[in-house]
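J.: This is the structure I want to talk about, given as structure tokens.
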Amino acid sequence: MTTDAPQTGETTVPLPTVILKKRKALPFFSRHPWVFAGAIARVEGDPQPTDEVVLRSHEGQFIARGLYNPESNIRVRLYSWDENQPLDRALWSARLDDAIALRRKLFGKSAAGCRLVFSESDGLSGLTIDRYGDFLLVQWTSRALAARQQVFYELLNEKLSPRGIWQRTEKGVGDAEGLEIADSLATGSEPPRPLFVEENGLQFGVDVVEGQKTGFYFDQRDNRAAVARYLKGASVLDMFCYTGGFSIAAAKLGDARRVRGVDSSESALDMARRNAELNGVSSQVSFEQGDAFRTLETLVAENARFDAVILDPPKMARSRGGLERAARGYFSLNRLALDLLEPNGLLVTCSCSGLLSREDFEQILAKVALDANRSLQVLEVRGQAADHPVSVHCLETSYLKCFICRVV
Ligand code: SAH
1 MTTDAPQTGE TTVPLPTVIL KKRKALPFFS RHPWVFAGAI ARVEGDPQPT
51 DEVVLRSHEG QFIARGLYNP ESNIRVRLYS WDENQPLDRA LWSARLDDAI
101 ALRRKLFGKS AAGCRLVFSE SDGLSGLTID RYGDFLLVQW TSRALAARQQ
151 VFYELLNEKL SPRGIWQRTE KGVGDAEGLE IADSLATGSE PPRPLFVEEN
201 GLQFGVDVVE GQKTGFYFDQ RDNRAAVARY LKGASVLDMF CYTGGFSIAA
251 AKLGDARRVR GVDSSESALD MARRNAELNG VSSQVSFEQG DAFRTLETLV
301 AENARFDAVI LDPPKMARSR GGLERAARGY FSLNRLALDL LEPNGLLVTC
351 SCSGLLSRED FEQILAKVAL DANRSLQVLE VRGQAADHPV SVHCLETSYL
401 KCFICRVV
């Protein structure tokens with residue numbers, strides 16, 4: 001077994017130490033894994049970028065072990081609260097085992113498509129892995145963890161024997177972390193385009209190489225099935241339909257009469273049409289290109305009506321400063337949707353902006369309902385699927401809200 005860093009102890013060199021400012025230690029004793037630059041009083045021992053460090057309180061008490069990145073606003077990401085547990089191959093291996101065990105419990109051994117590792121929620125801040133059958137899609141959002149990518153790729157190959165591991169980056173990570181990773185094949189063979197995953201008994205083609213984010217939004221799996229239960233015989237508008245996740249579930253699982261999917265991305269719509277065909281629902285489902293706001297406005301002007309409207313926009317708030325603007329965006333979208341709903345129609349409204357709380361979102365919906373002079377009943381308050389667990393130590397991992405509502 002190899003270790004990535006010297007052990008603390010009498011005979012080995014002590015690790016560099018990051019010492020917090022006074023009264024800044026509580027979140028980290030509570031196991032929040034992000035130490036922002038502003039919380040740090042001083043750094044001792046000259047750690048190099050990506051080095052392992054020890055975090056101590058202002059009074060010198062041990063808190064946790066983490067990885068150091070002077071270029072990131074998250075100066076240290078914490079991985080172990082045990083003073084004797086170095087951040088080595090054995091630790092990463094154990095974390096991967098725990099993550100894999102959860103997904104096996106959820107989906108059985110053959111887990112075709114799921115999120116295998118969800119960053120902070122799986123004790124691996126800065127690493128997200130999605131599984132698409134025999135292929136893995138890995139996203140690094142921590143430079144220091146990415147510096148250990150060879151160890152992770154070896155471990156993944158040992159544990160899962162994937163045919164290929166493809167790595168991707170997320171928008172903005174290069175700047176935020178000083179991380180240069182190109183979209184590329186890490187090990188094995190390139191994933192076919194498209195590859196196919198099964199969800200709720202439906203088939204979906206996914207392009208992990210060119211698709212958005214990680215190719216398919218597994219976080220909505222249970223919500224797609226839940227929504228379908230309300231849609232028998234319904235006419236449905238699926239805004240931000242991407243590759244047809246909600247649309248096809250509505251038609252096939254829900255037996256909706258007619259589904260109209262809208263998205264701004266032509267390539268997503270191409271895949272959506274192929275997915276409709278693949279599932280034998282092309283005659284019920286149609287897809288069209290358009291901007292959501294403009295399309296909704298046009299439909300309202302045309303006096304169009306639907307039994308159900310689904311809104312699943314992309315993340316609208318990326319920073320606290322952007323929250324107000326995002327709230328206005330959510331208000332407009334939902335307000336327009338209400339004008340398209342028949343009496344007692346169904347509004348399925350989602351927000352994947354983690355910064356916008358459940359309560360904030362409820363308040364927006366209350367304003368929307370008042371403004372439209374309609375009553376809005378929340379039938380189901382839903383979140384992300386269980387392969388995207390929420391860490392109670394890092395509530396930023398609770399990001400997805402999906403409200404199923406009846407609009408009287
Ligand atoms: N509901 C989808 C996921 C939606 S992801 C599913 O179940 O898989 C968000 C989608 O919004 C993306 O497909 C993106 O192309 C689309 N999008 C982003 N901005 C848009 C806009 N202004 N108008 C329409 N679609 C938009």
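Heads up: the sequence shown at position 298 corresponds to 298 in this note's numbering, and the numbers run straight through without jumps. We put the CB at the ideal spot given by N, CA and C, even for glycine.
Quick one: give me the first and last residue of the beta strand (DSSP E) that S319 is part of.
T.: S319 -> no beta strand (DSSP E), and no H or E assigned at all.
J.: Does any heavy atom of the ligand SAH sit closer than 8 Å to the C-beta of A251?
T.: The beta carbon of A251 sits no closer than 8 Å to any heavy atom of the ligand SAH.
J.: Classify A41 as helix, strand or coil using the three-state DSSP reduction.
T.: strand
J.: Buried or exposed, going by whether 16 or more other CB atoms sit within 10 Å of the CB of T298?
T.: exposed
J.: Relative to the C-alpha of L67, which candidate in W34, R95, P389 and L296 has its C-alpha closest?
T.: W34
J.: Looking at C-alpha atoms only, which residue of Q149, A308 and A272 is the closest neighbour of K232?
T.: A308
J.: Could you tell me whether the stretch 326-340 touches the stretch 361-370, where touching means 3 or more Cβ pairs closer than 8 Å?
T.: yes
J.: Using a threshold of 8 Å, is the CB atom of R335 nearer than that to any non-hydrogen atom of the ligand SAH?
T.: no
J.: On the criterion of 16 or more Cβ atoms from any shown chain inside 10 Å, does G345 qualify as buried, or is it exposed?
T.: buried
J.: Looking at I40 and R75, is the spacing between their C-beta atoms short of 9 Å?
T.: yes
J.: Among the residues of its own chain, which have a CB less than 6 Å from the CB of P343, if the five just before and after it don't count?
T.: Same-chain partners within the cutoff: there are none.
J.: Helix, strand or coil: which one does DSSP assign to S121?
T.: helix
J.: Quick one: measure Cβ to Cβ for Y153 and A99, integer angstroms, because I've assumed they're closer than 8 Å.
T.: Incorrect: roughly 15 Å between the Cβ atoms, too far for contact.
J.: So which of E198, R77 and E177 has the shortest CA-CA distance to D134?
T.: E198
J.: What residue range does the beta strand (DSSP E) around A186 cover?
T.: S184 to G188
J.: Let's see if you can read the secondary structure: which residues bound the beta strand (DSSP E) around A308?
T.: F306 to L311
J.: Between the stretch 260-272 and the stretch 234-246, do at least 3 Cβ pairs fall closer than 8 Å?
T.: Taking 8 Å as the limit for Cβ pairs, the verdict is that the stretch 234-246 does touch the stretch 260-272.
J.: Skipping 5 residues on each side, what residues in its chain have a beta carbon closer than 8 Å to that of W166?
T.: The residues are F135, L136, L137, V138, D183, S184, L185, A186, E190, P191, V208 and V209.
J.: Can you give the Cα-Cα distance for C350 and G244, rounded to whole angstroms?
T.: 15 Å
J.: Could you please give me the residues that DSSP links to A64 through a beta bridge?
T.: L55
J.: For the ligand SAH, is there any heavy atom lying closer than 8 Å to the beta carbon of S398?
T.: no
J.: What does a CB cutoff of less than 6 Å around R221 pick up in its chain, not counting 5 residues either side in sequence?
T.: E199 and A385
J.: I need the straight-line Cα distance from F331 to E83, nearest angstrom please.
T.: 48 Å
J.: Which runs of the beta strand (DSSP E) spanning at least 3 residues fall entirely within the stretch 68-139, listed in chain order?
T.: With a minimum length of 3 residues, the continuous beta strand (DSSP E) runs that stay inside the stretch 68-139 are 74-80, 113-118 and 127-132.
J.: At a cut-off of 8 Å, is P162 close to the ligand HEM when judged by its beta-carbon and the heavy atoms of the ligand?
T.: Looking for the ligand HEM in the displayed structure turns up nothing; the ligands present are the ligand SAH.
J.: Where do the ends of the alpha helix (DSSP H) carrying S247 lie?
T.: For S247, the enclosing alpha helix (DSSP H) begins and ends at G245 to K252.
J.: Tell me whether P47 sits in a helix, a strand or coil according to DSSP, three-state version.
T.: Three-state result, P47: coil.
J.: Excluding the five sequence neighbours on either side, which residues of its own chain have a C-beta within less than 8 Å of the C-beta of N69, listed in chain order?
T.: P49, T50, R75, V76, R77, S142, R143, A144, E177 and G178
J.: Of all the options N303, A37, A301 and F361, which has the alpha carbon lying nearest to the alpha carbon of L323?
T.: F361
J.: Is it right to say D219 is buried, meaning 16 or more other beta carbons lie within 10 angstroms of its own, or is it exposed?
T.: Using a 10 angstroms sphere on the CB of D219, the tally of other CB atoms reaches 16 or more, which defines it as buried.
J.: For H58, which of V117, P47 and V43 has the nearest alpha-carbon?
T.: Looking at V117, P47 and V43, the one whose alpha-carbon comes closest to that of H58 is V43.
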